[in-house]
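As they're listed, the protein sequences go chains A and B. When the first sequence is numbered by our numbering, its final residue is 369 and no position is left out of the sequence of numbers. When the second sequence is numbered by our numbering, its final residue is 133 and no position is left out of the sequence of numbers. Where a beta carbon is used, it is the ideal one built from N, C-alpha and C, also for glycine. Note that the structure is a prediction, hence the values are computed from the model and not measured. Beneath this line is the structure, given in structure tokens, with notes to follow.
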Amino acid sequence: MDLSSIYLPFRNIDSAHFIDVYKNHGGYDRLASLEPGQEILKSHLLTRYGRSLESYWNRYVLPATKSRGLLTNLASVEPGMFSQRRLILKDPHGLIEGMLLAARASGSDQGFIISAIDDFDITKTIDRVLEESYQEALWGKNSNWSFHFHHIKLPKNAMFDFDDFLLAGLHGERPGYPNRKEFLQGMPVHIHRPEEFYAMRWIENNSARQFNEFGTKTTPGSYLITISGSVKNPLVVEVPGGTLIENIFEQTGLQTNINGGWFRWGGVLGQWTPWHKVKRQQFDLSSGLFKLHDFQYPLMEWFTDEAASAAKRAMAYYVGDQSCGACLGCSYATSGLLHWKKSQLLGLKEVAKCSFFKLAINASIGPSW
Amino acid sequence: MSLQEQNWWIFLNSWSLAIKNKNIDQLNISNLIEELDLDTNLVHEFVNFFQDDFNLSKEQVVSICMGGQCRAKGNEKIFAKLVDANLTKIPEKQLKIKPVLCLHECDKAPCSQYGAKLHLGDDLSWVERLIKE
Chain A
1 MDLSSIYLPF RNIDSAHFID VYKNHGGYDR LASLEPGQEI LKSHLLTRYG
51 RSLESYWNRY VLPATKSRGL LTNLASVEPG MFSQRRLILK DPHGLIEGML
101 LAARASGSDQ GFIISAIDDF DITKTIDRVL EESYQEALWG KNSNWSFHFH
151 HIKLPKNAMF DFDDFLLAGL HGERPGYPNR KEFLQGMPVH IHRPEEFYAM
201 RWIENNSARQ FNEFGTKTTP GSYLITISGS VKNPLVVEVP GGTLIENIFE
251 QTGLQTNING GWFRWGGVLG QWTPWHKVKR QQFDLSSGLF KLHDFQYPLM
301 EWFTDEAASA AKRAMAYYVG DQSCGACLGC SYATSGLLHW KKSQLLGLKE
351 VAKCSFFKLA INASIGPSW
Chain B
1 MSLQEQNWWI FLNSWSLAIK NKNIDQLNIS NLIEELDLDT NLVHEFVNFF
51 QDDFNLSKEQ VVSICMGGQC RAKGNEKIFA KLVDANLTKI PEKQLKIKPV
101 LCLHECDKAP CSQYGAKLHL GDDLSWVERL IKE
């Protein structure tokens, strides 16, 4: 195992996507230990909204007998996130092992993997690894603990907004307000991005202390970030908390003396900031600009002024395609994001009922179109 | 070689010539079967199997990625160029040009797909080639 990489330690091993090779190199070993998941609980890996794992999992105060689930959305359709899909295809057992360990740590007894119905590579790979791990009695009725996986394949347009679209889609209802579902089958679910499970696997196989030492006090650990935009060499890097933004971008060929252009964090619905204001800031997931919300994902982009306009047009196209159109404000504004004045957009933000639309309006304010 | 085998080779020859000359649509399969006394099911099974590969009247689709990276790196212009060029062509030769959300190769932007082939990066000779066709 290559310990220099947290998220893809098997990158130099051939055929590690097959269970026999994966197990020969130490895969699934920790599941056989006495109390798997204990290291994960000690770590300060930051998840949605910059919360630590423990506080995220404990937001539901539940009796020990009440079941809970883990959910990961392999929506590889967000423009810019080429890294996630490649990570899963290269090391699919890492996701399963991470989920099993997280289930032990959080006390979950069901795992939901959601993938796009027309993404054949991903759905085929996940089906295969689930079958392989089931045959090895790592989960399911033959295993010595109670845990079950569900692989749910949905059309792409039902996969946005974890709380509204996705969960309503799972219930077979029209996504969008007011069909808000806080629970999946009456069960609280902990939703994570897939790469978080890879980090959990590394933490459990090494130690929480080692992971925490990578970053700072506010952002302990190292996070998988995709860097893209108008840069020469877009890439995927593991960034320790506290790293200067300009140092992260240096690897992509962006020169440090550049002060112009725009920075976007969070992907299509991310927040725009002038580059000169952000380049000397530290990467801090727990607060301020870098805290990730729903629909946002760890994607850092730098755009020239001209390219920023093109990226904003891409955002309008994306929002128009993904919005359910159930909300009046949304159906007006997704078609008109390009044309509304800032004051009108702020007015629409007030009437917006779903967080997707609010973020779309935020993302449309910033550099000129 | 039996007569039946000879007839099968004659059929294959006519079929492959039609593909080469791009007039497969005009090849009358039923007549050939009758003339050469071939097994109808066998011939249709064979022709249908290869139909997708050589169906020249099939609509050709060009998918242009409209994600942020690809737009920023020039796909808007490529899209406009192809749409303009398409308008000057006769309807039979027109392509279907489709904008898509993402082709998952953002690090090699700009990305486009013509048929099954992905076109990545700065080499845009395929666009010129497509326009000339």
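Item, Value
"First and last residue of the uninterrupted beta strand (DSSP E) at Gln110/A", "Gln110 to Ala116"
"Within chain B, partners of Leu235/A - CB distance below 9 Å", "Asp107"
"Presumed contact (8 Å Cβ cut-off) between Pro367/A and Ser309/A, rounded CB distance", "7 Å"
"Cβ distance (whole Å) where Leu87/B is taken to contact Val62/B below 8 Å", "Wrong, their Cβ atoms sit about 14 Å apart, outside the cutoff."
"Contact residues within the stretch 264-278 of chain A, judged by C-beta distance below 9 Å to chain B", "Arg264, Gly267 and Val268"
"Beta-carbon proximity list for Thr216/A, same chain, < 6 Å, skipping 5 on both sides", "Gly241 and Gly242"
"Residue from Gly27/A, Asp294/A, Ser143/A and Val21/A whose Cα sits closest to the Cα of Asn206/A", "Gly27/A"
"Integer Cβ distance of Ile114/A from Leu74/A, believed to fall under 8 Å", "6 Å"
"Residues in the stretch 309-322 of chain A having any Cβ partner in chain B nearer than 8 Å", "Ala310, Ala311, Arg313, Ala314, Met315, Tyr317, Tyr318 and Asp321"
"Listed by chain order, chain A residues near Leu101/B by CB distance under 7 Å", "Val77, Pro79, Tyr318 and Asp321"
"First and last residue of the uninterrupted beta strand (DSSP E) at Asn73/A", "Gly69 to Asn73"
"Exposed unless 16 or more other CB atoms sit within 10 angstroms - verdict on Tyr49/A", "exposed"
"Residue from Ile19/B, Pro110/B, Gln4/B and Asp25/B whose Cα sits closest to the Cα of Ile33/B", "Gln4/B"
"Amino acids of chain A, ordered along the chain, whose beta-carbon sits closer than 7 Å to that of Gly67/B", "Pro79, Gly80 and Ala314"
"As assigned by DSSP and simplified to three states, the class of Gln281/A", "coil"
"Within 8 Å, strictly: CB atoms of Cys102/B and Ser228/A", "no"
"Chain B contact residues for Gly229/A, given Cβ-Cβ distances below 8 Å", "Gly68, Gln69 and Ala72"
"Ala116/B burial status per 10 Å Cβ neighbour count (16 or more: buried)", "exposed"
"Cβ-based neighbour list, Gln69/B, same chain, cut-off 7 Å, excluding 5 preceding and 5 following", "Cys106 and Ala109"
"Outcome for Ile361/A when other beta-carbon atoms lying within 10 angstroms are tallied against a minimum of 16", "buried"
"Closer than 8 Å to chain A by CB, Glu5/B", "no"
"Segment limits, beta strand (DSSP E) that includes Trp145/A", "Segment: none, Trp145/A is in no beta strand (DSSP E) and carries neither H nor E."
"Inter-residue spacing [alpha-carbon to alpha-carbon] between Leu36/B and Asn13/B", "13 Å"
"CA-to-CA distance, Gly260/A to Glu306/A, given in whole angstroms", "11 Å"
"Inter-stretch contact at 8 Å, needing at least 3 Cβ pairs: the stretch 35-47 of chain A / the stretch 134-148 of chain A", "no"
"Bridge partner(s) assigned by DSSP for Gln271/A", "Trp265/A"
"beta-carbon Glu301/A near the ligand NAP non-hydrogen atom, thresh 7 Å", "Of ligands this structure carries none, so the ligand NAP is not represented either."
"Cβ contact (3+ pairs, closer than 8 Å) linking the stretch 277-297 of chain A and the stretch 246-263 of chain A", "yes"
"C-beta neighbour in chain B for Glu195/A, strict 8 Å", "no"
"Beta-carbon proximity list for Ser30/B, same chain, < 8 Å, skipping 5 on both sides", "none"
"Ser83/A and Val268/A closer than 8 Å at C-beta", "no"
"Beta-carbon proximity check, Trp302/A vs Ser230/A, cutoff 8 Å", "yes"
"Selection from Leu345/A, Pro220/A, Val189/A and Phe211/A that minimises the alpha carbon distance to Leu71/A", "Val189/A"
"7 Å Cβ shell around Ile365/A - same chain, five flanking residues per side excluded", "Lys342 and Leu345"
"Within-8 Å CB hit, His147/B to chain A", "Residue 147/B is absent from the structure shown; chain B starts at 1 and stops at 133."
"Any C-beta of chain B under 8 Å from that of Ala116/A", "no"
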